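Written below as structure tokens is the structure these notes are about.
Protein chains: 2
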Amino acid sequence: MDNKKSEGQAAALPPPNERPTLKTIAFMTGLGITTVSRALKDASDISAETKERVRLVARQIGYQPNRAGVRLRTGKTNVISLILSLEEEIMGLTSPMVIGISEILASTQYHLVVTPYRTQGNALDPVRYVLETGAADGVIISRTEPKDPRVTLMMERNFPFVTHGRTEMGLVHPYHDFDNERFAYEAVRKLTEMGRKRLVLLQPPPYLTFYLHMHGGFERGVRDFGATAIPFNTVNLDNNLVDIRKAAETLFSGPDAPDGIVAGSGGGAVALIAALEATGRKLGHDIDMVSKEPHMFLQWLRPEVSTMREDIRLAGRELAKAVIARIEGIPPEELQTLSYPIPTEHI
Amino acid sequence: MDNKKSEGQAAALPPPNERPTLKTIAFMTGLGITTVSRALKDASDISAETKERVRLVARQIGYQPNRAGVRLRTGKTNVISLILSLEEEIMGLTSPMVIGISEILASTQYHLVVTPYRTQGNALDPVRYVLETGAADGVIISRTEPKDPRVTLMMERNFPFVTHGRTEMGLVHPYHDFDNERFAYEAVRKLTEMGRKRLVLLQPPPYLTFYLHMHGGFERGVRDFGATAIPFNTVNLDNNLVDIRKAAETLFSGPDAPDGIVAGSGGGAVALIAALEATGRKLGHDIDMVSKEPHMFLQWLRPEVSTMREDIRLAGRELAKAVIARIEGIPPEELQTLSYPIPTEHI
DNA sequence: CAAACAACCTGTATCGTTACAGATTTATAG
DNA sequence: CTATAAATCTGTAACGATACAGGTTGTTTG
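Chains as they are written, first to last, in this note's numbering: chain A, 1 to 347; chain B, 1 to 347.
So, in structure tokens, the structure goes:
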């Protein structure tokens, strides 16, 4: 009541006319800084009335906690780090992925920081950086390998993360993945239904986990539906489109030419189409193709190609939800999701 | 020499076995924390030998300044904020843009934070957020308008930023832009050279600055080369491809059908091609098209379309360099760059 | 030989927040 | 009426870094 005894922390003048801090609220309410802090955290040893009063003032003056202060004191960064390869696929999966993640983070306190690495060989660097500097509360990685050292490392340190893609080490960790096994299997089914027998797969580089899935689905399909797999290992989805095209032209002009193609990405499909047409083949006539379709490109420009959609934006959302859940302590086994190929409807 | 007098700051024990801090180095070198700090900053009042010693130890133990500490004390965040619309163009410019920015930031102390906003109407929100909370040292914005309130605001506050796209307010600020005027002008030249006279432009939404450029270039071309501009205002580059396609089908089936098209984006071009082919027209025969080409899609799948490349990754690099330069105090007028359409070579 | 200076180094306070260990007041119990 | 507990509130220290205002030597100057 009297302001003699209440000459506590609150008495100090608040920051002039800068951003409001706890001190500002303390000054305005006549409370101590600690009390204000605890009131805003809804601590049990603060009266309901005080909390209400503090919250009101805080809202009024638009108080927002200083991130550096919180981070310095608690170590909590409120940052999610998306770790990206600078060589990321030409036909940028990145874009819808970033958008999807942002969509989720927008309604949270988390900021999205993009942390790049130069080449596959350096994939561990940014993870180490985050672990050593505590640059983020959680990490999203992609291009996972069966024995991914990044996963091992983060699990050892018990650091929250999620992978875009699975691993094969018997370690249970959060992931979101597209079912590439199913994609390839269904692709082979479709091609054989069209009477194609000599099939080729444009697949991921062999060290990535989804190579195993896509390759496995393809092989299983070939066995189940009685087709022949023609090897095509000179290039993979990581090569640039011009190289893929060149390699495909060689294949198509050789003795081992296929009559059916499964393209593991939309971009790859375009290169293959260019190659087959350059070597005088005609889609839907001499040869058929099934591909992923990121946009409506193939659907509209080569409707002869059967396409399936992979929703990368959705993947971004799932990944963001998973890291946050992991940070909040949800067990990893509850944070594993798959999404399935959606056959594209021709319009 | 004796360690009685030297019982200063350095005497305190360093953090146990956590991340090294200045205190760790101070302990190891026997110097004061302040001295270490100043040595690492290469201050003039520290002897060359001490600096060398400090640097050596710092390197040895892998010292990295704590970002929260620096940020709290100095206000310097070492963050660049990329402000993105969640509705960003389907044919993601975002991806190569993010990669380009990251490429540059990778060799600096800056981190890239992606800050999204939901709709065009809320474009000011993230900028205000950054200004109010000091969330970044510099900002990159895109989708600029002629009278862009974000630009006005940041200039008022003298806050470092760069825009992807220009403005029309007589304010001098850093930007990088693609020369859409030239693109459209050259597109019209090409079409008229092919004998096309009745031209249509699929253009940006009218409130964006590059609408003025593209539109202006188109109109100038039409005048200079004696063609006729056919209005096509029911859709623009912000509409989704399905809607663009539908609107184009209506146009092509109507009395005002064009014989030449300028497509302001690769995605838009695909929708237009789908539409014109659905209405029974044939590229290179009844009608011709000039478009931007983000990949090799059109080049390979519709070589009849003349394409020009816009290098978004380069744009990302330029933008990143410009914000950093601005932060370092380089005057805005030295940070304005344009890039020009590159006619695609058919392979 | 004292005063002034140069060359180097360092302690203190501070940025905003929170953990922790009290304080204070009022109510309850003995 | 006093000891004890319960309910609230608060000061201090610390996270890591840096601005600022001294210190301490040793050397030069008059």
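Backbone N, C-alpha and C define an ideal beta-carbon position, used for all residues, glycine too. For clarity, every value in this text was computed on a predicted model and none was experimentally measured.
Among the options, the one whose alpha carbon lies nearest that of residue i
i                      : options                       : result
residue 376 of chain A : A:111, A:72, A:83 and A:285   : Chain A is shown only over 1 to 347; residue 376 of chain A falls outside these bounds and no answer can be derived.
residue 247 of chain B : B:223, B:200, B:207 and B:218 : B:200
residue 151 of chain B : B:128, B:137 and B:133        : B:128
residue 218 of chain A : A:197, A:186 and A:238        : A:186
residue 28 of chain A  : A:50, A:205 and A:46          : A:50
residue 86 of chain B  : A:334, A:104 and A:86         : A:104
residue 162 of chain A : A:168, A:176 and A:149        : A:176
residue 287 of chain A : A:106, A:198 and A:228        : A:198
residue 323 of chain B : B:335, B:195, B:313 and B:216 : B:335
residue 242 of chain B : A:211, A:221, A:295 and A:220 : A:295
residue 171 of chain A : A:164, A:156 and A:181        : A:156
residue 238 of chain B : B:211, B:23 and B:224         : B:211
residue 173 of chain A : A:23, A:319, A:72 and A:340   : A:319
residue 78 of chain A  : A:333, A:137 and A:164        : A:137
residue 158 of chain B : B:164, B:166, B:134 and B:179 : B:134
residue 232 of chain B : B:255, B:220 and B:223        : B:255
residue 113 of chain A : B:195, B:101 and B:180        : B:101
residue 276 of chain B : B:245, B:303 and B:45         : B:245
residue 207 of chain A : A:193, A:188, A:236 and A:313 : A:236
residue 98 of chain B  : B:338, B:333, B:311 and B:325 : B:311
residue 226 of chain B : B:253, B:194 and B:252        : B:194
residue 69 of chain B  : B:23, B:45, B:52 and B:96     : B:23
residue 315 of chain B : B:333, B:338, B:302 and B:303 : B:338
residue 154 of chain A : A:125, A:181, A:178 and A:179 : A:125
residue 118 of chain A : B:44, B:106, B:42 and B:74    : B:106
residue 56 of chain A  : A:44, A:71, A:285 and A:39    : A:39
residue 21 of chain B  : B:52, B:43 and B:67           : B:67
residue 64 of chain A  : A:36, A:205 and A:46          : A:36
residue 115 of chain B : B:130, B:109 and B:108        : B:130
Rounded Cβ spacing between residue i and residue j (contact assumed at less than 8 Å)
i                      : j                      : result
residue 355 of chain A : residue 25 of chain A  : Not covered by the structure: residue 355 of chain A. The range shown for chain A is 1 to 347.
residue 344 of chain A : residue 307 of chain A : 4 Å
residue 260 of chain A : residue 202 of chain A : The Cβ separation is near 12 Å, so there is no contact.
residue 214 of chain A : residue 257 of chain A : 22 Å between Cβ atoms; not a contact.
residue 149 of chain B : residue 168 of chain B : Not really, about 13 Å apart at Cβ, beyond 8 Å.
residue 132 of chain B : residue 19 of chain A  : 7 Å
residue 209 of chain A : residue 165 of chain A : 5 Å
residue 252 of chain A : residue 279 of chain A : 4 Å
residue 179 of chain A : residue 340 of chain A : 5 Å
residue 301 of chain A : residue 301 of chain B : 5 Å
### Query
Can you find at least 3 beta carbon pairs, one from the segment 288-303 of chain A and one from the segment 247-267 of chain A, that sit closer than 8 Å?
These segments touch.
### Inter-stretch contact (C-beta, 8 Å, three-pair minimum) for the segment 142-155 of chain A and the segment 270-282 of chain A
Because the criterion of three Cβ pairs below 8 Å is not met, the segment 142-155 of chain A and the segment 270-282 of chain A do not touch.
### Query
Curious, which full-length alpha helix (DSSP H) runs of at least 4 residues does the segment 82-134 of chain B contain?
Qualifying alpha helix (DSSP H) stretches, in chain order: 94-105 and 124-133.
### Message
Short of 7 Å Cβ to Cβ, which residues in the segment 138-169 of chain A face chain B?
### Response
Those residues of the segment 138-169 of chain A that come within reach of chain B (Cβ to Cβ, closer than 7 Å) do not exist; the list is empty.
### beta strand (DSSP E) runs contained entirely in the segment 202-244 of chain A, provided each spans 3 or more residues
Runs of the beta strand (DSSP E) lying entirely within the segment 202-244 of chain A, each at least 3 residues long, are 228-230 in chain order.
### Message
At 4 residues or longer, what runs of the alpha helix (DSSP H) sit wholly inside the segment 137-161 of chain B?
### Response
Complete alpha helix (DSSP H) runs here, min 4: 149-156.
### Task
Just list the beta strand (DSSP E) runs in the segment 294-318 of chain A, keeping only unbroken ones of 3 residues or longer that don't cross its boundaries, in chain order.
Complete beta strand (DSSP E) runs here, min 3: 306-309.
### Task
Name, going along the chain, the residues of the segment 269-288 of chain B whose beta-carbon falls closer than 8 Å to a beta-carbon of chain A.
Within the segment 269-288 of chain B, the residues whose Cβ lies closer than 8 Å to some Cβ of chain A are 270, 271, 273 and 274, listed in chain order.
### Message
Using a Cβ distance threshold of 8 Å, determine whether the segment 328-337 of chain B contacts the segment 302-317 of chain A, with at least three qualifying pairs required.
### Response
The segment 328-337 of chain B, when compared against the segment 302-317 of chain A, does not touch it at the 8 Å Cβ threshold.
### Query
Along the segment 108-137 of chain A, what residues have a CB closer than 8 Å to any CB found in chain B?
Answer in chain order: 111, 112, 113, 114, 115, 116, 118, 132, 133, 134 and 135.
### Query
Between the segment 50-69 of chain A and chain B, which residues of the former have CB atoms less than 8 Å from a CB of the latter, in chain order?
Residues of the segment 50-69 of chain A with a Cβ closer than 8 Å to any Cβ of chain B, in chain order: 62, 64, 66, 67, 68 and 69.
### Task
Could you pull out every unbroken alpha helix (DSSP H) segment of at least 4 residues lying fully inside the segment 45-87 of chain B, listed in chain order?
The qualifying runs are 48-61 and 67-74.
### Task
For the segment 289-301 of chain B, enumerate the residues whose C-beta is nearer than 8 Å to any C-beta of chain A, in chain order.
From the segment 289-301 of chain B, only 295, 296, 297, 300 and 301 have a Cβ closer than 8 Å to chain A.
#### Entry: Residues of the segment 319-337 of chain A whose Cβ lies closer than 9 Å to any Cβ of chain B, in chain order
Going along the segment 319-337 of chain A in chain order, one finds no residue with a Cβ nearer than 9 Å to chain B.
### Query
If you measure beta-carbon to beta-carbon, which residues of the segment 225-250 of chain B are closer than 9 Å to chain A?
Those residues of the segment 225-250 of chain B that come within reach of chain A (Cβ to Cβ, closer than 9 Å) are 241, 242 and 245.
### Query
Relative to chain B, which residues along the segment 257-268 of chain A have a C-beta separation below 8 Å, given in chain order?
For the segment 257-268 of chain A, the residues whose beta carbon sits under 8 Å from a beta carbon of chain B are, in order, 267.
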